[in-house]
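Here is the structure we will look at, set down as structure tokens.
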Amino acid sequence: MRHIWSLVAGVIIAPLAWFLIAFGQAAMTEKVTLSSSEPDFLFGGLLLIGVGLILGLIGSVRTSPVGALVAAVLYIGTTVYILLSPSSASSLFGDTKLVGNYEVVLSTPLHSGVLAVVGGTLLVAVFSPARWRGDKAPADPNAWTPPPPAPAWTPPSVSTPTSGTGSDRSS
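Heads up: the sequence shown is residues 1 to 171, going by full-length UniProt numbering.
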């Protein structure tokens, strides 16, 4: 069941994150020069940080790696597609959508390489051995365990010689 919920999260989050990355990039490039940063630039930057945190969640949650795998395959697959066939990929993803005052182009994250970087990061997270164990993994029998604690130290008993006849001396 944990794989199904992770798959659903990946199927929903991956396209939504792609759109929000394109939206954030559109906001960051709107009316921005090197000498000034408009509120649009800050809004786009905060939006990209939020998307990074959301993608970090599906990349780091230990329950199932399926959602991260779906997002990684989508992002890396479309990046390979735009590398192999740039004209058809640009026509497929290059439509401009007007969202508020921003012209959002879905191919912008592909052309800038952002989706390739995010896809590669999610792919590395998929192959982390801890991801495949789940929450209730049995303990590794070959794992190092600390030695048992030493017994408490007690001072040795000391016997004192008795003063007396000195029978053990030879005369």
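Quick reminder that beta carbons are idealized off the backbone N, C-alpha and C, glycines included.
By the criterion of at least three beta-carbon pairs nearer than 8 Å, the stretch 71–82 is not in contact with the stretch 45–52. Phe41 and Gly77 have their C-alpha atoms roughly 29 Å apart.
Under the three-state reduction of DSSP, Val158 is assigned to coil, being neither helix nor strand. In the three-state reduction of the DSSP assignment, Val61 falls in the coil class. Rounded to the nearest angstrom, the gap between the Cα atoms of Met1 and Leu123 is 22 Å.
Residue pairing for Tyr102: DSSP places it in a beta bridge opposite Val99.
In this structure, the straight-line span from the alpha carbon of Leu84 to that of Ala22 is close to 21 Å. By the 16-neighbour rule on beta-carbons within 10 angstroms, Pro141 is exposed.
Annotation: the continuous alpha helix (DSSP H) that includes Pro109 extends over Thr108 to Ser112.
Counting along the chain, the unbroken alpha helix (DSSP H) around Pro86 starts and ends at Pro86 to Phe93. C-alpha of Ser107 to C-alpha of Arg62: approximately 31 Å in a straight line.
Across the structure, Trp18 and Ala143 are spaced so that their CA atoms are roughly 41 Å apart.
Just so you know, the alpha carbons of Val11 and Thr145 end up roughly 41 Å apart.
For Phe23, the enclosing alpha helix (DSSP H) begins and ends at Arg2 to Thr29.
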